[in-house]
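Undergrad: Quick note: the sequence shown uses the numbering used here, first residue 21, plus one each step.
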Amino acid sequence: MNQDSLKNLQIGMAEVSRFLLPFFIFWLLGAIGLGWLVNSLLILFGLLLIAPVLAFIGFRWWLKRNLVQAECPVCSFEFISLNKTEFRCPSCSEPLKAENGRFNRIAPLGTIDVSAVEISPRQIEES
Ligand SMILES: [Zn+2]
């Protein structure tokens, strides 16, 4: 065996041991009565796996609480938006804000919002 192949063998061994090291540590910890440490590490690992799932469920729960489905007050187009956010109606692009489960128009500051009242022809004749 010449010098080069011995060196290659050593490098190969180093890579194999690096790959096997975590298993070896687990086995060693279990062997010297630190099984609880292995278990807690496994639990920690499990929690790391579960955390994204919990985050996803939490996010869905949050969405359910914060989503508002209502009609646009201008064009009566029904759609879904996040509560307490400002957005534009996808149908008539009116600036709206979701509040208390319904959509309100965002009137520019200083604008007096006047709601149209239907007046029957008879009322006009009387006045
Ligand atoms: Zn609209």
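No residue lacks a Cβ here, since even glycine has one placed at the ideal position from N, Cα and C. Here the structure is a predicted model, which is why all the values come from computation and not from measurement.
Short check: CB of residue 102 to CB of residue 109, under 8 Å?
TA: No. Outside cutoff.
Undergrad: Taking the beta strand (DSSP E) that residue 113 falls in, what are its first and last residues?
TA: Segment: none, residue 113 is in no beta strand (DSSP E) and carries neither H nor E.
Undergrad: Relative to the alpha-carbon of residue 90, which residue among 77, 58 and 125 has its alpha-carbon at the smallest distance?
TA: When only C-alpha atoms are compared, the closest one is 125.
Undergrad: In chain order, what residues of the same chain lie with their CB nearer than 6 Å to the CB of residue 121, ignoring the 5 residues before and after it?
TA: Contacts found: 88.
Undergrad: Output needed for residue 58: all residues of its chain with C-beta closer than 6 Å, excluding positions within five of it in sequence on either side, in chain order.
TA: Answer for residue 58: 46, 49 and 50, listed in chain order.
Undergrad: Give a yes or no on whether the C-beta atoms belonging to residue 119 and residue 104 are separated by under 8 Å.
TA: In contact: residue 119 and residue 104 (Cβ atoms closer than 8 Å).
Undergrad: Do residue 97 and residue 112 have their CB atoms nearer than 8 Å?
TA: For residue 97 and residue 112, yes; Cβs fall inside 8 Å.
Undergrad: Quick one: using the 10 Å Cβ neighbour count with 16 as the cut-off for buried, is residue 92 buried or exposed?
TA: So residue 92 ends up on the buried side.
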